[in-house]
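For reference, the structure discussed in these notes is given below.
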Amino acid sequence: MRDKLSNLVLQKATLILVDIQNDFLESGTLPVPGGNQIIPLINNIQTCFNNIVATKDWHCENHISFTNSINNKGWPRHCVQGTWGAEFPKDLNVKKIKAVFLKGQNKNYDSYSGFYNDFDKKESTGLSYYLKSNSINTVFIAGLALDFCVKETIIDAYKLGFQSYLITDATRSISLSPDIVIQDLKRFDILTCLSKNIFDIQA
C-alpha cells in the first residue's frame with residue numbers, strides 16, 4: 017500500500033535506521049546478505065530528512081540470544097557492547113543522526129523492535145517518547161534485517177500510532193524473501209515506498 021508523499025510529509029517525518037552495524041555486514045559475525053549494498057543508498061536518503069535516529073543491538077558478552085553450545089539454538093555472538101561489531105560501519109554517514117536507541121541490553125531478554133528492550137515489550141528504549149516529545153507523527157524505516165528487526169520495529173511503530181513507511185529498497189533480509197515480509201505487513205496499515213519516490217519529491 018502506498019500513500020502520496022510530499023515535501024511536507026518528509027519535513028515532519030523521522031527516518032529510523034535500524035541496526036546498521038558491522039556485525040550485520042559482510043565482515044561481521046551475523047551478515048545479512050546484501051547488507052553492504054544499502055549503505056550508499058541510505059547515505060543519499062538521509063539528505064531528504066531533517067530528523068534521523070538509529071537503533072542498535074547492544075548485547076552483553078553472554079546474552080541469551082547467542083547460540084547455546086548445548087542445544088545449538090540462537091544467533092551467533094553479535095553486537096557485543098563496546099566491540100567493533102556493535103559499531104556503525106565507517107562508510108555510513110552518521111553526522112545527521114540525532115539519537116541512538118539501544119536494545120537487547122539485558123542479558124536475559126532479547127528484542128528485535130527498536131522501540132523495546134525486551135520481547136515482552138515492558139521496557140522501552142525511549143524511541144517512542146523521543147518521537148512523541150518532538151511531535152513526530154510519521155516515520156520512514158530502513159536498515160537490517162527486514163525479516164526480523166526492521167519488521168518488528170515498523171509493526172510497533174504502527175501499533176504506537178505512527179504513520180509508518182517501509183523504504184523497501186533500503187533494507188535486506190536474512191532468510192525470508194522481501195516480498196513475503198511485505199505481504200505479511202499488509203495485515204497492518206503500513207505503507208511502502210522506494211527511495212526513488214523520496215528523491216523525486218526533492219527534485
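Quick note on our numbering: the sequence shown kicks off at 17 and runs consecutively. Just so it is clear, CB atoms sit at the ideal spot from N, CA and C, and this is done for glycine as well.
Asked, Found
"Own chain residues within Cβ distance below 7 Å of D134, not counting five before or after", "N122, Y125 and S127"
"Reduced DSSP category for S85 - H, G, I as helix; E, B as strand; rest coil", "Residue placement at S85 cannot be trusted, given a pLDDT of 45 that sits under 50; what the coordinates show is reported in the next sentence. It is coil, neither helix nor strand."
"CB of D73 within 8 Å of CB of G120, strictly", "yes"
"Element boundaries [alpha helix (DSSP H), containing I196]", "P194 to L201"
"S211, DSSP secondary structure in three states", "helix"
"CA-to-CA distance, I190 to K212, given in whole angstroms", "24 Å"
"Nearest candidate by alpha-carbon position, reference V155, set D172, T169 and Q179", "Q179"
"C-beta contact flag for K112 and Q62 at 8 Å", "yes"
"Neighbourhood of E77 by C-beta, 7 Å cutoff - its chain only, sequence neighbours within 5 removed", "V96"
"Inter-residue Cα distance where the pair is L207 and V48", "23 Å"
"Chain-order list of residues whose beta-carbon lies under 7 Å from that of E168 (same chain, five-residue window excluded)", "Y128 and S129"
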